[in-house]
Structures are given as C-alpha cells and as structure tokens.
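Those protein sequences? They're chains A and B, same order as listed. Under this note's numbering, the first residue of the first sequence is numbered 40, with each subsequent residue one higher. Under this note's numbering, the first residue of the second sequence is numbered 40, with each subsequent residue one higher. Ideal placement from N, C-alpha and C gives every residue a C-beta, glycine not left out. Please read all numbers here as calculations on a predicted model, not as lab measurements.
2 protein chains.
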Amino acid sequence: MIKKSKKYTLKKIAEKLNISVTTVSFVLNGQAKEKKISDEMIAKVLAYVKEIDYQPNQLAKSLRTGKSKIIVFMVEDISNQFFASIARIIEDLAYKKGYKVIFCSNENNDEKARDLINIFKHRQIDGYIIIPSPGIENDIRSLIEEGIPVVLFDRYFPSLDTNYVVIDNEHASYQGTKHLIENGYKKIGFITIDTQQNQMVNRMRGYQIAVEEKDLNSNILRIAFHENGQDQKKLKIKKFLEANDLDAILFSTNYLTQSGLEVLHESFPELLGKLGILTFDDHEFFKIHTPSISAISQPKKEIAVNLMNVMLQLLKKPAKDSEPKNITLNTEFIPRVSSQHR
Amino acid sequence: MIKKSKKYTLKKIAEKLNISVTTVSFVLNGQAKEKKISDEMIAKVLAYVKEIDYQPNQLAKSLRTGKSKIIVFMVEDISNQFFASIARIIEDLAYKKGYKVIFCSNENNDEKARDLINIFKHRQIDGYIIIPSPGIENDIRSLIEEGIPVVLFDRYFPSLDTNYVVIDNEHASYQGTKHLIENGYKKIGFITIDTQQNQMVNRMRGYQIAVEEKDLNSNILRIAFHENGQDQKKLKIKKFLEANDLDAILFSTNYLTQSGLEVLHESFPELLGKLGILTFDDHEFFKIHTPSISAISQPKKEIAVNLMNVMLQLLKKPAKDSEPKNITLNTEFIPRVSSQHR
DNA sequence: CTAATATACTAAAACGATTTAGTTATACAA
DNA sequence: TTGTATAACTAAATCGTTTTAGTATATTAG
C-alpha cells in the first residue's frame, strides 16, 4: 500500500535529527564520503530516511538543478500503432533510468510542433525525441544550439547535423519493389504521402530505381498528409486504381495501406485476390488479412533502444562534446504468400 | 521560429522596469485590478512582457503553488490501439486547457501501478486518469483521501466511491450474444481474461444471461492476462476450439480477438467462413477482415471527453466538495455480414 | 608550542515564482 | 488639525532542494 506520506522535507529531517539540512542533502546525494561526513552520521541519516520512506520533492530539485528527469517523445500521431509501439518501449527504457516520458502528437504540422516545443521549453525538459514536421529545421537547430539533447527519428534534415535514428528507406523500398517484380508483377503502383521529407522521398526513390532498372513504368499517387478527411484520401486512391490497370501496389506507410485496403474491399473486391500488395510498416493484421500482405517491417525495438541509448548518452555529456550519432537501421522484408496466390 | 529565449525572470523584468517583482507578478496573474495597480503600470508591464515574449518558469510556479499542470493517464498498455486512441484525444483536450499529459502503462500489474503512482506523487501531479489493476483499490483510496483528483475508467471498484467512466459491459455483451443467437448460432464460445475485475465479470455475465435465456450451453475460456507469452495464449485458444465444436465466438477484448484470429488462420482456416465472430472493441481492420467481424464498439471520443470533463471539474474544486461522478456510456453494436455469410 | 592541515559539520544564498503583510502618499471627513 | 480610507506599490517570506563558502575542532608537522 502507498503510505499516506506526511510530506517530509529535508528541513524536517534535519530538525528531527538535530543536524543541518546540508548534511542530510550530502548524505542523500551520495556525496557523504567526499564531504567528509562521518560514518555514524551517514548511518543515522540513512536509517531515518528509510524509516519514514522519504522521497525528495522533484520540483524543488528540478528548480535548483535545472534538470527535470522528463523527456519528450513527439510523433505525428501517438494513436498510430507504429508510433504507439515504439512509445511503449521508450516508456519502459526511460522509467528504468529514472526518466518520465511525455508523449505528444504534432500531426506533422509545423505550428503544432513549434507550439509544443515552446510549451516544453519552460518546463526544463531534459531531452527531446522528435519526428520532425517538414518546416521546423530551424527550431530544432536552435534547440541544439542551446545545448538541449535532441534525437530525431523516422526522418531528419540532411542540412542539419543532428543525432538521428532512421531506417534505410531507399534500400527497403528498392528491395520490396524488386521482390514484386521478380514475382511477375509488371504494373506496380506506388501510393505515398505528398511531401519532400526524406523518409518518403527515399521510399519513392527506391521504388523508382527498381522499376526503371527493369524498364517498367512508374505509377505514383501522392496524397496530402492533411487530405480533407479519410474519405477524400480513399476517393483519390479509388480514382488512381480506376485510372491505372495495376497488378501490384506498394504503400509507403501503414495508414495508407489501411485506406487502400478499405478501398479495395469496398470498390474492387475482385482485385483483392490478384493484386500484389506490399506495405511499409508491418502490423499483426496484415498477417491474417486475406490475402495476406507482404510487409517491409521496421525494427521497432531496435529503433527504440537506439533512440534511448543516444538520448541517455546526450543526457550525460553536454551535447556539443561529441559528434552527432547518425544511425541507420535495416528493415526486415516479410514476404507473405496469400492462399489465393498459392 | 522559436526565439533564443534569454531566460527572463520576474526579477529581471522588475529591474528593467524599475518596479517590484510583486507588481509584475500581480499584473501577469490578472490580479492587477484587485490589487489596485494603476492602468499605466499594467500597460507598461504587459507591453514589455509581450516584447520579450516572457514565459514564466513552470517549475518555480509549481513549487510555489503546488500545481504542476500535468495529469497522468495510466492504462494497461499504451501500445494497444484502443488505449492509444483515447490517449490521443485526451492529449488534445488537455493541451487546450493548458495541461500536459504523461502516459504510462501498468500492464495490469499492481506493483507496477503502485510504483508509478509513487513516482508521480513526488512530482505534484495535478490529477490521475487510471485504468486500475486489480489490487490497487487501497492505493487509489489513499490518493483520493489526500484530495488528489482521480478518475478511473474501463473498470472500477464497486466498494470504492470514486469518479469513473465506464461502458455498460453487461448489456453490450448480452445484446451481442443475443444477436448471435438470433442469427442461428447455437454453440457460442466466450473467450475472456481470467480476472475478477468488473469489466470482464460483467461482459461474461451478459454472455451467460443471454445463452441461459435460450437454454444454450455456455462455453467459456479464461486466459491469464500475463499468460506466458503470446504463444501460450494461442495454444489455449487452439485447444479450446478443438475441444468444443463451436459455431460462434465472442471475444471479450481486442487483443484476444487478434490472437484468436491468428489461431483460426493458422490452424482452422476452414472454420473462418462458418464461424460467427464477435469482438469487444472495434478496429479498422475488423471491417476488412475476411470474413468481416462484428464488433461491440466503445465510444472512444465520448469516453475521452467525459474523462476530461470530470477531471477538469475536479481540478477546479477540491475533490471532496461534490459527489463522485459515475458515468456509464453505451456501446455501439456494429453487425457485419461477411461475404461468405451472404 | 605554533602553524598548517584535515575532519566534520553548517549558515545562508540560490533557483524563480507567489503571496502576506506591509509602506507611503493622497483624499476626505470630523 | 487629526484621523481614517483608499490607492498604488513593495519587502520579504515561502515552496524544498543544492551548493558555496564557511566555522570549529582535532591532528599533524616543524
């Protein structure tokens, strides 16, 4: 049971033991030896502190030290399975090291992202793990210049020398497209988000290189991230499918795959058996979808672990000391043969 | 662009304007009129504060006022689609009111939940929105006794008079089971989590009442929440399906449905077309699954809005003032007819 | 025996806000 | 003229820590 903690403070402890606040503080912060506190004194303090289960006020601590033991984890949308899974792992890793995590969603929107950063700047946040929206390069830059630990992921700014953890998008996409081609598909469509952000640009490039290599046509549909509602997105996909007689599709992200599948089920059920479907970001349900859907799976665990490793290192040393860490991880290609294709 | 904020403080502002810190503070907190600050003074302060884009240090503020403007949102597992979606809505609502949200996962584990609460107790968290693990009734009670705003959801403790937001589990389950029966299914299985927590108990009761009403047998599989890994769960389901010649299944929660579907695909593909499948918690993918899966859908938006409403009210008034709010929302039954069933 | 050093501890400033209990100057009443 | 209100502002305490710059006593060196 949680104790009805009577709000102990250093001062009360000091009074009770008839010693100074300073001594208590030194003992509690492991500086006792260094500050020449006697062994009996150390024992006395530790015993009492244990007895009353004293927990220091973190706010006061933060105010004084400037460290909050909180890190921010900012993604496009925390309700997206992919981000939520990584968040869950980050949460665990952080808690083990005594950090709390504040999650937030920027909707890939610069203003929202800026607002959020601004809010957090006045809360002494210790570090930021961020999926940057397209136009906040300068904001990220100024965070870094102020010496605040920042790690980007999923995408980064080539012109900004930062810490980041990403995957090899181009290769993943190239490899996936090639796999489709090798399985006999010739008219392969690529459905992606209309953006200049490098993760998407690279995914597209991988696709393009693969199709051009085999002298195939590229068929690309770009959809705005903030397309007017889900229905507009689906309408665009529908028209794209009607206009192009495709035999396979590569979706550049999981939420597009979801919309795409819905369109197929609603409007082109006859295509479902024939179409080769490949998606970025695996999901449990792709495995049991009919037909099952091949996926380019991002290593969530590895991403999270790397993010936290870099972050923890930054939190130890002033950021400027070391070269920014640029980590590129490999994806896993998960081919799935649908029962219909057998 | 975010300004390279030169860490202004009340003191610096006061010095610059040649007035006292107190005056600045009064003006900024809207107490100017009440404290008889002259209009020119108010204008002067506001102008300067605007010019330098002053943002008060929230830690100092919190230390002094005891309020952190942070609320905790604790669920079983933040990577679960259902919880993540609610978290996303909560996030937005909270930010609009100037609150940040710290998400965390207790894994339905008392010790983890207690640890988390303990950590947060020393951070002056303003309020808690919690899915309680089975044995933390007393911990919740002591939080409440200390006057800290707490709202439970998804489940509650009948013997504890708290604020909570839940759904009418029994009715939802009853109605869903009845629907299966009316569609001709006679051997209906119920796969649930082995727990005494009331959300699950009620879901089971709804099922039982419905089958007994029609003199049908009940076939129940209980799986431990912390079953040894995903594979053990699936194995139990597999054995259950082998042992019982069912024609329909009701899953009491989304992650069980997922495991169940995997088992069906892997081991009993021939059943997929015949079996009636109904699940608690809707998911985009249930719509496009083959066969499509009927769902008892919880009103995520409504749940989130109600949670925040209650929380915001509690944050305004000392908790003890008013009677705890007990809110029970209705689910939506979404019947889906699979193409095979046509 | 004195000076220097080490040991064991502490007073008080600081972090940056809020808030209580003033102070001064002016206005008005008796 | 004195006393009381009121307007307009402020000094200083406070929240609970950390940390700097001590102090007092004991020990050692010369």
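Between B/Lys89 and B/Thr62, what straight-line distance do the alpha-carbon atoms span, to the nearest angstrom? Here the question's residue 89 of chain B lines up with position 50 in the second sequence. Here the question's residue 62 of chain B lines up with position 23 in the second sequence. Using only the alpha carbons, I get a separation of about 16 Å.
With DSSP as the reference, label A/Ile366 as helix, strand or coil. Numbered from 1 along the first sequence, position 327 holds the residue referred to as residue 366 of chain A. Secondary structure of A/Ile366 (DSSP, three-state): strand.
Residues sharing a beta bridge with A/Tyr167, DSSP: Here residue 167 of chain A refers to the residue found at position 128 of the first sequence. Beta bridge pairing from DSSP links A/Tyr167 with A/Val111 and A/Val189.
When we look at the beta-carbon of A/Thr367 and count the other beta-carbons within 10 Å, is it buried (16 or more) or exposed? The residue you call residue 367 of chain A lines up with position 328 of the first sequence. Exposed, since its Cβ has fewer than 16 Cβ neighbours within 10 Å.
Can you give the Cα-Cα distance for A/Ala53 and A/Tyr47, rounded to whole angstroms? Counting from one through the first sequence, the residue named residue 53 of chain A turns up at place 14. Counting from one through the first sequence, the residue named residue 47 of chain A turns up at place 8. If you take the alpha carbons of A/Ala53 and A/Tyr47, they lie about 10 Å apart.
Which value, in whole angstroms, describes the spacing of the CA atoms of A/Tyr134 and A/Gln94? If you number the first sequence from 1, residue 134 of chain A lands on position 95. If you number the first sequence from 1, residue 94 of chain A lands on position 55. Taking the CA atoms as reference points, A/Tyr134 sits about 17 Å from A/Gln94.
Rounded straight-line distance, which links the Cα of A/Glu115 to that of B/Leu85: Working through the second sequence from its first residue, we reach residue 85 of chain B at position 46. Working through the first sequence from its first residue, we reach residue 115 of chain A at position 76. Cα atoms of B/Leu85 and A/Glu115: separation of roughly 35 Å, rounded to the nearest angstrom.
Could you name the residues that DSSP lists as bridge partners for A/Gly204? Position 165 of the first sequence holds residue 204 of chain A. Inspection of the sequence shows that residue 204 of chain A is occupied by Val rather than by Gly. Bridge partners of A/Val204: A/Phe192 and A/Ile366.
Closest to B/Arg153 by CA distance: which of B/Gly137, B/Ile170 and B/Val140 is it? As a working note, residue 153 of chain B is residue 114 in the second sequence. Measuring from the Cα of B/Arg153, the nearest candidate turns out to be B/Ile170.
Can you grab the Cα-Cα spacing for the pair A/Lys364 / A/Arg244, in whole Å? Indexing the first sequence from 1 puts residue 364 of chain A at position 325. Indexing the first sequence from 1 puts residue 244 of chain A at position 205. Inter-residue distance for A/Lys364 and A/Arg244 is about 24 Å (C-alpha atoms, whole angstroms).
Cutoff 8 Å: A/Ala123 Cβ touching any chain B Cβ: Counting from one through the first sequence, the residue named residue 123 of chain A turns up at place 84. The Cβ of A/Ala123 sits closer than 8 Å to at least one Cβ of chain B.
Strictly by DSSP, which residues pair up with B/Arg261? If you number the second sequence from 1, residue 261 of chain B lands on position 222. According to DSSP, B/Arg261 bridges with B/Thr231.
Partners in chain A for B/Pro95, counting only beta-carbon separations shorter than 8 Å: The residue you call residue 95 of chain B lines up with position 56 of the second sequence. Near B/Pro95 (Cβ distances below 8 Å), the residues of chain A are His161.
Interface flag, B/Glu323 vs chain A, CB-CB below 8 Å: Against the second sequence, residue 323 of chain B aligns to sequence position 284. Proximity of B/Glu323 to chain A, defined by a Cβ-Cβ separation below 8 Å, is satisfied.
Please decide whether A/Thr329 counts as near chain B, where near means a Cβ-Cβ distance under 8 Å. Start at 1 with the first residue of the first sequence, and residue 329 of chain A comes out as number 290. It does; some Cβ of chain B falls within 8 Å.
Test: B/Asp116 CB closer than 8 Å to a CB of chain A: For the purposes of this step, residue 116 of chain B is taken as the residue at position 77 of the second sequence. Yes, because at least one Cβ of chain A sits closer than 8 Å to the Cβ of B/Asp116.
For B/Ser107, the nearest candidate out of B/Ile91, B/Ser118 and B/Asp165 (CA to CA): The count along the second sequence starts at 1 and reaches residue 107 of chain B at position 68. It is B/Asp165.
Could you work out which residues of chain A lie near B/His382, taking near to mean beta carbons separated by less than 7 Å? Residue coverage of chain B in this structure runs from 40 to 381, which leaves residue 382 of chain B outside it and unanswerable.
Local Cβ density within 10 Å of B/Gln297, reported as buried at 16 or more and exposed below that: For this step, residue 297 of chain B is matched to residue 258 along the second sequence. Looking at its Cβ environment, which holds 16 or more other Cβ atoms inside 10 Å, B/Gln297 is buried.
Rounding to the nearest angstrom, what Cα-Cα distance links B/Ser101 and A/Gln236 in this structure? Taking the first residue of the second sequence as position 1, residue 101 of chain B is located at position 62. Taking the first residue of the first sequence as position 1, residue 236 of chain A is located at position 197. A/Gln236 has its alpha-carbon roughly 39 Å from the corresponding atom of B/Ser101.
For B/Gly186 and B/Lys226, I'd like the C-alpha separation in whole angstroms. Taking the second sequence and counting its residues from 1, the one referred to as residue 186 of chain B is at position 147. Taking the second sequence and counting its residues from 1, the one referred to as residue 226 of chain B is at position 187. So the two alpha carbons sit approximately 50 Å from each other.
Terminal residues of the continuous alpha helix (DSSP H) containing A/Phe416? The shown model of chain A, from 40 to 381, leaves out residue 416 of chain A, and the question about it has no answer.
I want to know whether the stretch 334-350 of chain A touches the stretch 203-214 of chain A - three or more CB-CB distances under 8 Å. Touching, per the Cβ criterion.
is_contact[B/Glu130, chain A] using C-beta, thresh 8 Å: Walking along the second sequence from the start, residue 130 of chain B turns up at place 91. Judged by the 8 Å Cβ criterion, B/Glu130 is in contact with chain A.
Taking 6 Å as the limit between beta carbons, can you name the residues of its chain near A/Ser361, skipping five residues before and five after? Indexing the first sequence from 1 puts residue 361 of chain A at position 322. Around A/Ser361: no qualifying Cβ.
Please determine, among A/Ile91, A/Asn145 and A/Glu73, the residue with the shortest C-alpha to C-alpha distance to B/Glu130. Locating residue 130 of chain B in the second sequence gives position 91, where the first residue counts as 1. The shortest Cα separation from B/Glu130 among A/Ile91, A/Asn145 and A/Glu73 belongs to A/Asn145.
Once the 5 residues before and after B/Glu371 are set aside, which same chain residues still bring their CB inside 6 Å of it? For this step, residue 371 of chain B is matched to residue 332 along the second sequence. Here the set comprises Ser336.
Using a Cβ cut-off of 7 Å, pull out every chain A residue sitting near B/Ser144, in sequence order please. Residue 144 of chain B sits at position 105 when you count from the first residue of the second sequence. Within 7 Å Cβ-Cβ: Arg127 and Glu130.
Could you check the C-alpha separation between A/Ile332 and A/Phe319 for me, to the nearest Å? Walking along the first sequence from the start, residue 332 of chain A turns up at place 293. Walking along the first sequence from the start, residue 319 of chain A turns up at place 280. Distance from the CA atom of A/Ile332 to the CA atom of A/Phe319, rounded to whole angstroms, is 10 Å.
Less than 8 Å between CB atoms is the rule here; does A/Glu301 satisfy it with respect to chain B? In the first sequence, residue 301 of chain A corresponds to position 262, counting from 1. Chain B, which has a Cβ nearer than 8 Å to the Cβ of A/Glu301, makes this yes.
Counting only beta-carbon atoms, is A/Leu98 nearer than 8 Å to chain B? By one-based count along the first sequence, residue 98 of chain A stands at place 59. At a cut-off of 8 Å between beta-carbon atoms, A/Leu98 makes contact with chain B.
Between the stretch 188-199 of chain A and the stretch 210-223 of chain A, do at least 3 Cβ pairs fall closer than 8 Å? Counting Cβ pairs under 8 Å, fewer than three are found: no touch.
Specify whether the stretch 271-280 of chain A and the stretch 299-313 of chain A touch according to this definition: at least 3 beta carbon pairs, one from each stretch, less than 8 Å apart. When C-beta atoms of the stretch 271-280 of chain A are compared with those of the stretch 299-313 of chain A, three or more pairs fall below 8 Å, so the two segments count as touching.
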